[in-house]
Every structure is written in structure tokens, then in C-alpha cells.
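Visitor: Below is one structure. I have some questions about it.
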Amino acid sequence: MIVVQTPLRVSLFGGGTDFPSYFRSAGGCVLTTAIDKYVFVTIKKRFDPKLRVGYTRTELVDDISQVQHELIREAFRTTGLSKGIEITTMADIPATGTGLGSSGSVTVGALQAMYSFKGEVQPAERLAREACAIEIDVLRKPVGLQDQYIAAYGGFRWIDFLPDGQVHLERISVAPESERRLNECLLLFYTGIARDASSILEEQEARIADRSHVLERLKALAAEARTEIEKGNPDAVGGLLHESWTLKRQLASGITNGTIDAMYDAARRAGATGGKITGAGGGGFLLIYCPDGRRQAVREALGQLQELPFRFEPEGSKVIFNYRR
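According to numbering that gives the first Met the number 0, the sequence shown is numbered sequentially starting from 0.
Put into C-alpha cells, the structure is as follows:
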């Protein structure tokens, strides 16, 4: 029995510039962090040659081609495993539509588990690269690259996506006190709206050429936020998040709606200085930046929403249990 723990993430700035259709010509960058909420993947040998896949449903099949869970199926194909295996996925959040990068974490976690089952230790770069290939090249999902990389590497990161396809990651250099303050001032609330991000992301990708000026400004805001954080001024993040959210709403029609706008406006009236919907938008989690002295008022203003307390997670996908008889 092997258990793999893979972090989810909160993308702060630059989301959308990690699409290959954008960064292949203009380059992209994101400021993002893994958080202490996880996807867990367990894997073990079966007594028979069947494949059992457990998630929100259970599949028991004779052949990889019969597996309906696309990410698990393609992870099997990538790693070369084909029979006599049970694999399950569990998460600390709702199964779909949260905007915390869960599909990337599932794919990275499944690859990590399968390679570990084979007795192989693979570097984070390979896990991230193969997870991207599964989602983007094989399954043709309209997604970027940041989720897979932050899931594999963990930490509070600046990620550059270069036109030649290379991905460079740097840990953000921030004083412990500034990091603590930033973490405390960022609040996550579940909107209760679960959405399929595919239609939003498809529209966003189709409009990249028309929205290149917006994406350029989003990159600039990411760089500004990094500078302010490294200077020890985390409170600047609130205003930058607000500008970024205002711009992001222009990327696709389904990114926000009246319900989300009402939640965000209520938080701002209560003292939040900025925020955004995590991920593609349309639902999932609302991220709010709230300075000292106003957090309780914001919590009361959003009292109908469930808060998800979180801490930054320094580590990426890893095996936390490995028992072999």
C-alpha cells in the first residue's frame, strides 16, 4: 500500500498567461502557492488482474481502455501499468469545480503513486511535464501549466513560462514575518457554486489574441506583487488583486456573475482591499485579502459562506506511506 499526498494551490497573479497558446508567443508568468489542502492517492496490488479505480464512483474493469476516469487512465498509460491494481483518490475539498487546481494535483499524484508502485523515484519536473502532457496534449483540456508544476514542486513560487516551452520556477524570497502576515490576510470562502470550468477556459483560450493587452497587464501586476512582497509590503497585494480581478473578468463571459459580484462587493464594503475567484472563475472559492482589524467584519459579511482556513505548503507531491510485504 502506497499513499501519496499532493497539495492544492491558490493562484494569486498571472493566471491565463500560462496557456501554451499565449506564452509560446509572448511568454507568461504566475505568482502562486501550494496550500495545506491535499489530494491523496492510494495504490495497491490486487489479487486478480483487474483494475479498480475509486473516486466519487467505483470502476472495476479488465482493461485500461475501459477506465472512465480520464486522468487515471492516461496516467496508467504513461507509466506502463496495466493490470492487477487498485487506486483511489480523495481530497480535502469538493470533488470538482473548486478552482484550487485539483485536476492537476490528481494527475501529478496519480503519476507519483504509480511510479512509486513500480519502485521508481521520479523528479518533480518529470511529474509536472507528464501531467501537462496528459491534460493538454492527450486529453486536449483547455488548461494552463501552472497547476501541474505547483502541485509537483510545492512552495510559494514565481513560475516563468518561456516561448520555447521551458518552465522555470523560483521560490519567492520573503521574510518569515511578511509571509506570515500575507498568509493571515488571505481568506478563502467556498461560494457553494460548483462549476465545470471547461466552457470558461475554452472561451478564454479562443479570445487570447483579442485580450493580449489584458494578459500583458496581468503579467505586469504579477511582477509588481512579487516586488512588493519581497520588499516586505504584503498589504499591497490587496489593491493589486482588485485590479487583477477587474481585468480577469474581461477574459471570458462566465468568469463572474451577479451572485459572485454580490459576495465580492460585500467583502469590500466590510474592509477587504481586494480578491478574486480562484481558478477559471464562475464559482469555486473566493479569495479575499483583508488587512488586520477587518477580518472579523469580512467573515461576518460573508457569514453564509464556509471559510477554508489554509497555510502555505512548502512541499510538493510526496509519498507519505509505503508499506511493502
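For glycine and all other residues, C-beta sits at the position ideal for the given N, C-alpha and C. Predicted model, so just to flag it, every value in this text is computed and none were measured.
Contact between the region 225 to 245 and the region 172 to 182: three or more CB pairs below 8 Å?
Guide: These segments touch.
Visitor: Expressed to the nearest angstrom, what Euclidean distance is found between the alpha-carbon atoms of Glu129 and Leu80?
Guide: Residue 129 sits at position 130 when you count from the first residue of the sequence shown. Residue 80 sits at position 81 when you count from the first residue of the sequence shown. Using only the alpha carbons, I get a separation of about 15 Å.
Visitor: Can you tell me whether DSSP reads Phe22 as helix, strand or coil?
Guide: Residue mapping note: residue 22 aligns to position 23 of the sequence shown, counting from 1. In this structure, Phe22 counts as helix in the three-state DSSP scheme.
Visitor: If you check the beta carbons only, do Leu220 and Leu239 fall under 8 Å apart?
Guide: For the purposes of this step, residue 220 is taken as residue 221 along the sequence shown, with counting starting at 1. For the purposes of this step, residue 239 is taken as residue 240 along the sequence shown, with counting starting at 1. For Leu220 and Leu239, yes; Cβs fall inside 8 Å.
Visitor: With a Cβ-Cβ cutoff of 8 Å, do Ser316 and Ala74 count as a contact?
Guide: Taking the first residue of the sequence shown as 1, we reach residue 316 at position 317. Taking the first residue of the sequence shown as 1, we reach residue 74 at position 75. No, the pair does not count as a contact, with Cβ atoms beyond the cut-off.
Visitor: Grab the span of the alpha helix (DSSP H) containing Arg298 for me, first residue to last.
Guide: Here residue 298 refers to the residue found at position 299 of the sequence shown. Run containing Arg298: Arg294 to Ala300, per the alpha helix (DSSP H) assignment.
Visitor: Taking the Cβ atom as the reference point for each residue, do Thr88 and Tyr54 lie within a distance shorter than 8 Å?
Guide: As a first step, residue 88 must be located in the sequence shown, where it is residue number 89. As a first step, residue 54 must be located in the sequence shown, where it is residue number 55. Yes, the Cβ-Cβ distance between Thr88 and Tyr54 is below 8 Å.
Visitor: Between the alpha carbons of Phe39 and Gly108, how many angstroms are there, rounded?
Guide: For the purposes of this step, residue 39 is identified with residue 40 of the sequence shown, where counting begins at 1. For the purposes of this step, residue 108 is identified with residue 109 of the sequence shown, where counting begins at 1. Spanning the two alpha carbons is a distance of roughly 7 Å.
Visitor: Taking DSSP as the reference, what is the three-state secondary structure of Ala90?
Guide: For the purposes of this step, residue 90 is taken as the residue at position 91 of the sequence shown. If DSSP states are grouped into helix, strand and coil, Ala90 belongs with the strands.
Visitor: Which residue marks the beginning of the beta strand (DSSP E) containing Gly321, and which one marks its end?
Guide: Within the sequence shown, residue 321 is the residue found at index 322, counting from 1. The sequence given here has Asn at residue 321, not Gly. Segment Lys317 to Asn321, the beta strand (DSSP E) holding Asn321.
Visitor: Considering Cα atoms alone, identify which of Arg267, Glu202, Asp209 and Asn321 is closest to Gly281.
Guide: In the sequence shown, residue 281 corresponds to position 282, counting from 1. Checked all of Arg267, Glu202, Asp209 and Asn321; the closest Cα to Gly281 is Glu202.
Visitor: With distance defined between alpha-carbon atoms, name the residue in Gly283, Thr245 and Pro313 nearest to Thr272.
Guide: Working through the sequence shown from its first residue, we reach residue 272 at position 273. The residue with the shortest Cα to Cα distance from Thr272 is Thr245.
Visitor: Taking Leu214 and Thr16 to be in contact with their CB atoms under 8 Å, please state how far apart those CB atoms are, rounded to whole angstroms.
Guide: For the purposes of this step, residue 214 is identified with residue 215 of the sequence shown, where counting begins at 1. For the purposes of this step, residue 16 is identified with residue 17 of the sequence shown, where counting begins at 1. The pair is a contact, with the Cβ atoms about 5 Å apart (cut-off 8 Å).
Visitor: Cutting at 7 Å between CB atoms, please list the residues of its own chain near Ile199, excluding the five before and the five after it.
Guide: Numbered from 1 along the sequence shown, position 200 holds the residue referred to as residue 199. Answer for Ile199: Ala251, Gly253, Ile254, Ala279, Gly280 and Gly281, listed in chain order.
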